[in-house]
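Structure record follows, encoded as structure tokens.
In my numbering, the protein residues as written are 1 to 95.
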């Protein structure tokens with residue numbers, strides 16, 4: 001099934017799940033660096049995967065915003081999701 005054939009609610013749910021997974025993966029290296037060991041191997045992999053997942057979630061939210069016939073409730077949800085994921089992405093890129 002293509003992304004354009006899915007409903008807006010399904011895409012928003014998928015965007016939320018992927019975005020939260022990306023945030024969790026991006027937090028892991030920060031916690032390991034602060035608490036356990038600053039030079040642990042493969043932490044860059046988790047950071048890169050987290051940023052990639054956040055970009056995917058952000059693109060799904062923007063895909064919902066670009067649709068023509070969506071309700072105002074769905075449009076507001078997509079705007080909030082875009083804002084939250086953009087701020088999280090900026091934070092993890094600068095951290």
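Think of the CB as a built atom: it goes at the ideal place given N, C-alpha and C, for glycine as much as any other residue.
Note that the structure is predicted; figures quoted are calculated from it, not measured.
Check                                                                          : Outcome
For residue 67, three-class secondary structure by DSSP                        : coil
Option nearest residue 14 by Cα separation, candidates 48, 81 and 88           : 81
Boundaries (first-last residue) of the alpha helix (DSSP H) holding residue 79 : 72–94
Nearest to residue 61 (by Cα), restricted to the options 77, 72 and 38         : 77
Beta-carbon spacing of residue 19, residue 57 below 8 Å                        : yes
Alpha helix (DSSP H) segment containing residue 2, residue limits              : Neither: residue 2 is in no alpha helix (DSSP H) and is coded neither H nor E.
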